[in-house]
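The block underneath contains the structure these notes are about, expressed in structure tokens.
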Amino acid sequence: MRKQVISRVTQAASAALLAGSLLTSCLPGSSSDSVSIQEAENALRGVKGLVEESKGKKLPVSLDNPKARIQLAKDVYIHLPKNRYTEGKQVVPGLAVFGGENHSTSAVQMTKKETRLLNIVADEQAPEDFEYKLDMPEYYKAMVVEPGVGDRLGKQGDPNVLAIYDTRPEPEKDPKLVYAFPIPWAKDAKGRKVATSYHSSDGRSIVQNVRHKNGGFRQDLRGKGYAYPIVADPLIIDQRWYYTIVKFNAQETYDIYRGGDAAVIVLGWLVPVAIALGLNVWRLEGIVNSGQCLYLKTGWDAGYYGGAC
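Here this note's numbering is used: the first residue of the sequence shown is 1258, the next is one more, and so on.
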């Protein structure tokens, strides 16, 4: 009889331990670090208007091989942050999401003009740094820069952005902008902004820092912390599609320097650009006197300079 009582007690204890173990594994913030495809999709759909921005373009990543590098241009490739990804799912045309571990995962989105690489942060145990390795020519370098003026990458005074430059030297020219990552954003499940920024320690990778672990100490959250999941977005703009360089010949350069109606006729649709840049007669005098021609560049790092005619 005594043996039967002990046996029943042991069985009851074992059952309780098993039930507790199963219950714990189902609770948010448990020891499981996996993020399912459905959880990731739900996180993306929780960001107002995000999924609707997807366009039916061919995705630059394979659904069955998310570890493969993503081609951004003929000579620029990027890798999703290191993770143990599972096979992906196309949520809508132009948007793919993957299951992952380490309390986070990634998604890739094509919009009308850009490529988005999205991070889904499942809970507070997720990392804060998400590193994108770059495969590109040695003369390309990723660096932090100050935003330009009057464009979608930001305005003066905004947080710094990160861009990839072609650093091969060219006379009379600054390094050529190849790719740009505009000001990043991150939002929690309630739509509140989460502090985020870029850095690059070696010029061969891009790191997005999402500062979510101190959420409980932020005054604007009244001590409640962030609501997970958090979605963070680095947006990539191909600057070779985004800017235009207009070269003026010697006579046109001189007419612009003289000003008046002749300058307006020569500049045409670029008159507002020239005004915004504050096209300077003294700078133009130097260009004319040196026998150079005027180059005017539109886009994020808009400007003007003298060059060979």
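Ideal placement from N, C-alpha and C gives every residue a C-beta, glycine not left out.
**Prompt:** Hey, out of Ile1377, Tyr1389, Thr1510, Val1467, whose CA is closest to Gln1295's CA?
**Reply:** Residue Ile1377 holds the alpha-carbon nearest to the alpha-carbon of Gln1295 among Ile1377, Tyr1389, Thr1510, Val1467.
**Asked** So which of Ile1440, Tyr1436, Leu1524, Gly1356 has the shortest CA-CA distance to Pro1338?
**Response** Selected option, being the one with the closest Cα: Gly1356.
**Asked** Span of the alpha helix (DSSP H) holding Glu1381?
**Response** Glu1381 -> no alpha helix (DSSP H), and no H or E assigned at all.
**Request:** Could you spell out where the beta strand (DSSP E) holding Ile1440 opens and where it closes?
**Result:** Looking at the DSSP string, Ile1440 is not in any beta strand (DSSP E), and its letter there is neither H nor E.
**Request:** Figure out for me which residue from Tyr1561, Asn1546, Gly1548 has the closest Cα to the Cα of Leu1536.
**Result:** Out of Tyr1561, Asn1546, Gly1548, Tyr1561 has the C-alpha closest to the C-alpha of Leu1536.
**Request:** With a cut-off of 8 Å on the beta carbons, I'd call Ala1379 and Pro1486 a contact; round off their distance for me.
**Result:** Between Pro1486 and Ala1379 the Cβ distance is about 5 Å, and since that is below 8 Å, they are a contact.
**Item:** Limits of the unbroken beta strand (DSSP E) element including Asn1466
**Value:** Start and end: 1462-1467.
**Asked** Tyr1483 to Val1402, Cα distance in whole Å?
**Response** Those two C-alpha atoms are separated by around 29 Å.
**Asked** Is the beta carbon of Met1393 sitting closer than 8 Å to the one on Ser1457?
**Response** No, they are not a contact pair.
**Message:** Quick check on the DSSP output: the alpha helix (DSSP H) that includes Asp1512 runs from which residue to which?
**Reply:** In the DSSP assignment, Asp1512 falls within the unbroken alpha helix (DSSP H) covering 1507-1515.
**Message:** Can you find the residues in the same chain that come closer than 6 Å, C-beta to C-beta, to Asp1321, ignoring five residues on each side of it along the sequence?
**Reply:** Cβ neighbours of Asp1321 beyond the five flanking positions: Glu1344.
**Message:** Please tell me whether Tyr1455 and Val1464 are closer than 8 Å, where the distance is taken between their beta carbons.
**Reply:** A contact, by the Cβ cut-off of 8 Å.
**Request:** Can you say whether Asn1340 is buried or exposed, counting buried as having 16 or more other CB atoms within 10 angstroms of its CB?
**Result:** Looking at its Cβ environment, which holds 16 or more other Cβ atoms inside 10 Å, Asn1340 is buried.
**Message:** I'd like to check one pair, Leu1375 with Ala1489: are the Cβ atoms closer than 8 Å?
**Reply:** Yes, the Cβ-Cβ distance between Ala1489 and Leu1375 is below 8 Å.
**Message:** Just to confirm the assignment, what range does the alpha helix (DSSP H) spanning Leu1391 have?
**Reply:** Run containing Leu1391: none in the alpha helix (DSSP H); it sits in the beta strand (DSSP E), 1386-1392.
**Request:** Confirm, please, whether the CB-CB distance from Lys1444 to Val1292 is below 8 Å.
**Result:** No.
**Distance between beta carbons of Gln1366 and Ser1311, contact taken as under 8 Å** = Yes, they are in contact, since the Cβ atoms of Ser1311 and Gln1366 sit about 6 Å apart, within 8 Å.
**Request:** Express the C-alpha separation of Gly1564 and Ile1421 in angstroms, rounding to a whole number.
**Result:** The alpha-carbon atoms of Ile1421 and Gly1564 are separated by roughly 23 Å.
**Asked** Roughly how far, in whole angstroms, is the beta-carbon of Tyr1396 from the beta-carbon of Asp1423, given that I think they are within contact range, below 8 Å?
**Response** Tyr1396 to Asp1423, Cβ: 6 Å. Contact.
**Request:** Grab me the residues of Lys1447's own chain with a C-beta within less than 7 Å of its C-beta, minus the 5 sequence neighbours each way, in chain order.
**Result:** Here the set comprises Ala1484.
**Asked** Which residues in the same chain as Ala1297 place their Cβ atom closer than 6 Å to its Cβ, once the five residues preceding and following it in sequence are excluded?
**Response** The residues are Val1354, Thr1362, Ile1377.
**Item:** Close beta carbons around Gln1476, own chain, < 6 Å, minus the five adjacent residues each side
**Value:** Confidence is the limiting factor: at Gln1476 the pLDDT is only 46, short of 50, which leaves the residue's position unreliable and the question unanswerable from this model.
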